[in-house]
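*Asks:* Residue numbers for the sequence shown follow the numbering used here, beginning at 28 and rising by one. Glycine included, every Cβ here is placed at the ideal spot set by N, Cα and C. Just so it is clear, the structure is predicted and the values come from calculations on it, not from any experiment.
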Amino acid sequence: MTVRYIFNTSGNYVAFVQGGHLFDSKSKWIGFIEDGDDVYSAEDGAYMGTLSADDRLLVNTEVQGHRRLRPLRPLRPLRPLQPLRRLRMSRLPRGYRDYFEVEVSRPTSKLLESLASLVSSGHVPPEAAAELLANIGNRTFSEMLSTDNILDSQLRTPSGVFLGSVNRNTFDSDSLVNPFGQYGSRYSAESIFNQYSQYGSPYGAESPYNKFSTTPPMFVKNGATLGYLTVNQYLTPRLGPDEFVSWLGKS
């Protein structure tokens, strides 16, 4: 049976279409297709969006969605071979959004905001601000992320790639503490614990171990960004990966 791969705007593979139904990348049924390319939710029949020619699921935010009667649950298909990642796609026209594109706002630093305000008001000269920024990497000066609120959050890259759940359930397939899971294994290509993967290498652009990266993983909870997971001390608020592993209790 023919498989159509679905991607998000960042170019990540997120779902596939088979037999008139939409499944996520793990073959979970999430929607059904009617009226050509319109997709409706497998949960309640609500309109999810329309499949575009470039294989995205787009939502017209200016149109009221409608519902359809949900069909019988299809058999769970075999997981297809994962396609190659695509280049980032073009921006959407006004009034449309990508159903699968995670819109993650970067955390703001109160320290940097305050410094910018002082410079703009003339209370701190630019040269003094530059010297202050040069010292921001000092551990005593940089804002450290508290671990109080990161439990049950998700680890995601700024482009929206899911890198695991922050919990202590070793039986959860998505958990970072599951040594046999996709995100907790030291051998998985999607794991931050694999030093040879793009997410665990000291040279990966989205790796928490790259001290020069400006796009490391972030903790996201209930749609809010809590902070960075990174060794880059110029990004705040942040939590170092060694401190995170120690707190999580992962051996």
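Identify which residue in Asn205, His48, Ser228 and Gly63 has its Cα closest to the Cα of Arg100.
*Replies:* Indexing the sequence shown from 1 puts residue 100 at position 73. Residue His48 is the option with its Cα nearest to Arg100.
*Asks:* Can you tell me which of Asp81, Phe239, Tyr126 and Met75 puts its alpha carbon nearest to the alpha carbon of Val258?
*Replies:* Numbered from 1 along the sequence shown, position 231 holds the residue referred to as residue 258. Cα-wise, what sits closest to Val258 is Phe239.
*Asks:* Arg166 to Val188, Cα distance in whole Å?
*Replies:* As a first step, residue 166 must be located in the sequence shown, where it is residue number 139. As a first step, residue 188 must be located in the sequence shown, where it is residue number 161. With a pLDDT of only 41 at Arg166, under the threshold of 50, the placement of this residue in the model should not be trusted; the figure read from the coordinates follows. Answer to the nearest angstrom: the Cα atoms are 29 Å apart.
*Asks:* Leaving out five residues before and five after Val44 in sequence, what residues of the same chain have Cβ atoms less than 6 Å from its Cβ?
*Replies:* Within the sequence shown, the letter at position 17 stands for residue 44. Contacts found: Arg31.
*Asks:* Indicate, with yes or no, if the ligand SAH has a heavy atom lying under 8 Å from the CB of Ala232.
*Replies:* Here there are no bound small molecules, and the ligand SAH is not part of this structure.
*Asks:* Quick test of your reading: Met245 and Pro206, contact by CB under 8 Å. State the CB separation rounded to the nearest angstrom.
*Replies:* Here residue 245 corresponds to residue number 218 of the sequence shown, with the count starting at 1. Here residue 206 corresponds to residue number 179 of the sequence shown, with the count starting at 1. With 8 Å as the limit, Met245 and Pro206 do not qualify as a contact, their Cβ atoms being about 23 Å apart.
*Asks:* Go ahead and label Ser173 buried or exposed: buried means 16 or more other beta carbons lie within 10 angstroms of its beta carbon, across all protein chains shown.
*Replies:* Looking up residue 173 in the sequence shown gives position 146. The residue in question, Ser173, is exposed, as its Cβ has fewer than 16 Cβ neighbours within 10 Å.
*Asks:* Assign Phe198 to buried or exposed, taking buried as 16 or more other Cβ atoms, counted over all protein chains shown, within 10 Å of its Cβ.
*Replies:* On the sequence shown, position 171 is the one that residue 198 refers to. It counts as exposed.
*Asks:* I'd like to know whether the C-beta atoms of Arg95 and Tyr126 end up nearer to each other than 9 Å.
*Replies:* For the purposes of this step, residue 95 is taken as the residue at position 68 of the sequence shown. For the purposes of this step, residue 126 is taken as the residue at position 99 of the sequence shown. Against a cut-off of 9 Å, the Cβ pair of Tyr126 and Arg95 comes out as no contact.
*Asks:* Here's a check: name, in chain order, each residue in its chain whose Cβ is nearer than 6 Å to the Cβ of Arg97, leaving out the five neighbours to either side.
*Replies:* Looking up residue 97 in the sequence shown gives position 70. Within the same chain, Arg97 has close Cβ partners Gly72.
*Asks:* Using only the alpha-carbon positions, how far apart do Val41 and Gly191 sit?
*Replies:* Locating residue 41 in the sequence shown gives position 14, counting from the first residue. Locating residue 191 in the sequence shown gives position 164, counting from the first residue. Their backbone Cα atoms lie some 15 Å apart in a straight line.
*Asks:* If you compare alpha carbons, which of Leu85, Val272, Ile57 and Thr88 is closest to Arg195?
*Replies:* Locating residue 195 in the sequence shown gives position 168, counting from the first residue. Considering only alpha carbons, the answer is Val272.
*Asks:* Looking at Thr36: is its Cβ nearer than 9 Å to the Cβ of Arg112?
*Replies:* The residue labelled residue 36 in the question sits at position 9 within the sequence shown. The residue labelled residue 112 in the question sits at position 85 within the sequence shown. No, Cβ-Cβ distance for Thr36 and Arg112 is not below 9 Å.
*Asks:* Spell out the partners DSSP gives Thr77 in its beta bridges.
*Replies:* Along the sequence shown, read from residue 1 onward, the residue named residue 77 stands at position 50. Note: Thr77 sits in a beta bridge opposite Asp65 and Leu85.
*Asks:* How about Gly38 and Leu119: are their beta carbons less than 9 Å apart?
*Replies:* Here residue 38 refers to the residue found at position 11 when the sequence shown is read from its first residue. Here residue 119 refers to the residue found at position 92 when the sequence shown is read from its first residue. Result no, Cβ atoms of Gly38 and Leu119 do not sit closer than 9 Å.
*Asks:* Would you identify the three-state DSSP class for Val44, choosing helix, strand or coil?
*Replies:* If you number the sequence shown from 1, residue 44 lands on position 17. Strand at Val44.
*Asks:* Determine whether the beta carbon atoms of Val86 and Arg124 lie at a separation below 9 Å.
*Replies:* In the sequence shown, the residue the question calls residue 86 occupies position 59. In the sequence shown, the residue the question calls residue 124 occupies position 97. A contact, by the Cβ cut-off of 9 Å.
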